[in-house]
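Quick notes on the structure that follows.
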Amino acid sequence: MKKSIFLGTLAVAGLAAGLASAQTLAEVQARGTLKCGSNEGLAGFAAPDANGNMQGFDVSLCRAIAVAALGDAQAVEFVPLTSQTRFTALAAGEVDVLVRNSTWTFSRDTDLKLDFKGVNYYDGQGFMVRSDLGVSSARDLDGATVCIQTGTTTELNLADFFRVNNISYEPVPVQTNAEGQQQYLAGACDVYTTDVSGLAATRATFEDAASHIILPEIVSKEPLGPVVRHGDNDWGDIVGWTLNALIAAEEYGVTSANVRELAAAPTDNPEINRLLGTEGELGAMLGLPNDWAVNIIAAVGNYGEIFEAHIGENTSVGLARGLNAQWTDGGLMYAPPFR
Amino acid sequence: MADTTEMPQDKFRLSQLLYDARYRSMTIQVVAAMLLMLSLAWLVDNTIQNLAALGKDFSFSFLGTTAGYDINQQLIPFTSQDTHARAALVGILNTLLVAFLGCVLATVIGVLAGVLRLSKNFVVSGIMTVYVEAMRNTPLLIWILIVFAVMTEATPQPRDFREGGGAEMILWDSVAISNRGVFIPKPLWGEGSGLVVAVFLLSVGAIFALRHFARKRQEQTGAQLPVFRLSLALFFLPALLTYFVMGGPITLELPELGGFNFDGGIQIRNSLIALWLALSLYTSAFIAEIVRSGILSVSRGQTEASFALGMQPNRTMQLVILPQALRVIIPPLISQFLNLTKNSSLALAVGYMDVRSTLGGITINQTGREIEGILLLGSFYLIVSLIISSFMNLYNSSVKLKER
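If you're matching them up, the sequences are chains A and B in order.
If you read the first sequence in my numbering, its first letter stands for residue 325, the second for the next number, and so on.
If you read the second sequence in my numbering, its first letter stands for residue 745, the second for the next number, and so on.
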């Protein structure tokens, strides 16, 4: 008798474990907050402001997903993760979505059983050195000591770059961007390497930002994007199309300022109408209200607005749009049609 | 159960399993064993279910694939093209290195601190009390970070050692203390150096033989040999003689400033120093208390009797107190060594590439094999701990009270 109850519990527990991965949206809605895996602190991408609110480029995407799932941009619990713990935390269900400068690679998408749902920033790995070191190319770095965040693709690119160019280096593994910054500034390493956006964001926080240069070599492709667990396709769709809605909104000129006005009545652009839900039932296909995209854009702005507000040329991070411009402007940002 | 009973007078009743003292303990053990096995089965089953739900398999084949990352401190050669298994081995050796160095230094400091804390000199014992209490009542991680911060922030950069940089090498320009580590001269083994090493090892063996002979002689005739002075001479003289006869085959390669960093010499990285010193200082506080309790466990009367026989205090400590105290000291000392070895996994905090950082960190992260990696990591620490405690148990059985 006791045994059968126990086995029954076991079976239910097993079943629950099996089903848990397929209902992330329901879990998020029952919990009332979105758990978003984020960087522990990278200026412009994810860092607390003076009031302790998380702000940044990646943070805005988390907030956009929270608006889509819950209708509230503040209903996000940010879970700071190191580069080493991030994928384990996502796979174990500690976070619902990971937006943490994570590079889309083959093995992460397949072997790690994760799903990358698009690219919110096209990046590449670079090297930062003190300008008084007199180095003008990464190929001059023979024998240099390099600070590197462990558990990243940059760690592997670094090994490849130095091996292919037949030069030597001494890696100094660090756990977080803050630790890398401290070691680099103390001179414990000659070079700090990570994605160029991260280098720019880090340099922006230096007192003497002008005396550090980012070397011209970009040694890798680093498409950064939001990640979800493999297997919950409905949730993956919501994350992916939230990003696409932000990108499409910029393309069609929908901004946080004019979105309410455009959504009030159908416009003469059917693509905008479908995006904003004044035509068709696209929201329902995601299991969301039909004005989901309106709420997102009203709360966080479109892709271009987010970019300019946090990492654009008028901010201290000062990144140019470059590859991240709309495809209509010669960039790679290209949202599939809303149809 | 029913047919195991051998009691003819009473017929076995089921309630006896619970109320009869003869069977009760057996009942409890069987139930406990069943519960334990069921919970183990549940754990395994849950793991399999969840792995299946994630679509992951369970395989150790990742160990044979290319690691792709570099490791700074290598006791055996390693490149990024080697396998994850070799990366794990490099990490294991780094763990063993810091554990060995830590155990040695912690024992030395711990014994000193423990003995000094019993000193009659108020200042000395007071300082040691403060040391022990400060060390063992603060978390180890803080000490690791403090030592590391001092090593990286308070020491000069390698380029400060250039002309006019303001930093100087010490010990006749042979040692450089920089914020990338301490650079020391590296011995170069020239032709004939093997002979010097062999002679040195032989003379170490001779020292042990001499001590054995001196003890035997003292037991038989009562005459004492100047063992310490003879040992000292044996330690240095033969090896030095061979060294000069062979024409100085062992030379030193001094560290020199190269392009970005020091070239030549041996680099002892700050991560190793921070971990080594912090582990040693922290564990030595516990060892000091163990040593103190061991010494206090030998009754005061023994000391007084020894003094009454005219023995000096250091002979009393050496011949009367320590041999008895060791019996009390060794068992808890084993567990301190085990703690130190396991605590070395905090290496990650300062980027020391131990097995936790290579196998349990980067490899797991790059391959996504969390369960396999953690299982391997756990078994490694288990095996090392068992080996350490078995060696220490051997030593313990050699010093414990011999009952004849």
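All C-beta atoms, glycine included, are put in the ideal place defined by N, C-alpha and C.
- Annotation for V453(A): the continuous beta strand (DSSP E) segment containing it runs Q449 to R454.
- DSSP places I1010(B) within a strand segment (E or B) once states are collapsed to three.
- With its beta carbon at least 8 Å from every one in chain A, D1098(B) lies outside the interface.
- Per DSSP, reduced to three states, the secondary structure at Y446(A) is strand.
- If you look at I491(A), you'll find it isn't in any alpha helix (DSSP H); DSSP assigns it neither H nor E.
- Residues of chain B with a Cβ closer than 9 Å to the Cβ of A415(A) are, in chain order, L798, K800, G1112 and E1114.
- The alpha-carbon of S521(A) is positioned some 59 Å away from that of G1038(B).
- In this structure, DSSP gives A370(A) an extended state, which the three-state scheme calls strand.
- In this model, E546(A) and M872(B) are separated by some 55 Å (Cα to Cα).
- Our two residues, V941(B) and G934(B), have alpha carbons roughly 12 Å apart in a direct line.
- Under the Cβ criterion of 8 Å, T602(A) is not counted among the residues facing chain B.
- Residue-level contact by beta carbon fails for N865(B) and chain A, as no gap is shorter than 8 Å.
- Against chain B, a Cβ distance below 9 Å from T412(A) picks out I1108, N1109, G1112 and E1114.
- Excluding five sequence positions before and after E1116(B), the CB atoms of its chain that fall closer than 6 Å to its own CB belong to F804, given in chain order.
- The criterion of a C-beta distance shorter than 8 Å is satisfied by L482(A) and V470(A).
- The shortest CA-to-CA distance from V926(B) to any of L932(B), P902(B), I994(B) and Q1068(B) is the one to P902(B).
- Taking 8 Å as the cut-off, the beta carbon of D373(A) is found no closer than this to the beta carbon of R424(A).
- If you draw a straight line from the Cα of L647(A) to the Cα of F485(A), it comes to about 22 Å.
- Counting the other CB atoms within 10 Å of its CB gives A785(B) a total below 16, which places it among the exposed residues.
- Per DSSP, reduced to three states, the secondary structure at M1097(B) is coil, with no helix or strand assignment.
- Exclusion of the five residues before and after W616(A) leaves A392 and G607 as the residues of its chain whose Cβ lies within less than 6 Å of its Cβ.
- Assigned with DSSP and collapsed to three states, F822(B) falls in coil, not helix or strand.
- Shortest Cα-Cα distance from I820(B) to any of T809(B), S1024(B), Y813(B) and I836(B) involves I836(B).
- The stretch 845-857 of chain B and the stretch 1071-1090 of chain B touch, with three or more beta-carbon pairs separated by less than 8 Å.
- For R663(A), there is no enclosing beta strand (DSSP E), as DSSP marks it with neither H nor E.
- Residue F631(A) holds the alpha-carbon nearest to the alpha-carbon of A644(A) among H536(A), L656(A), W651(A) and F631(A).
- One Cα belongs to G475(A), the other to Y658(A), and the distance between them is close to 30 Å.
- Judged by pairs of C-beta atoms under 8 Å, the stretch 1042-1061 of chain B does not touch the stretch 870-888 of chain B, as fewer than three such pairs exist.
- For D519(A), the closest C-alpha among the options A588(A), Y446(A) and S460(A) is that of Y446(A).
- Beta bridge pairing from DSSP links N923(B) with G925(B).
- Bridge pairing for C471(A): V496(A) and Y516(A) [DSSP].
- For the set I815(B), R973(B), F944(B) and T791(B), the Cα lying nearest the Cα of R955(B) is the one of R973(B).
- Between A416(A) and A528(A), the C-beta gap is not smaller than 8 Å, which leaves the two residues out of contact.
- Neighbourhood of R924(B) in chain A, by CB distance below 7 Å: T469 and A512, in chain order.
- From the listed residues T1027(B), Y1125(B) and F980(B), the smallest Cα separation to Y875(B) is found for T1027(B).
- Take the alpha-carbon of N790(B) and the one of G799(B): they are about 14 Å apart.
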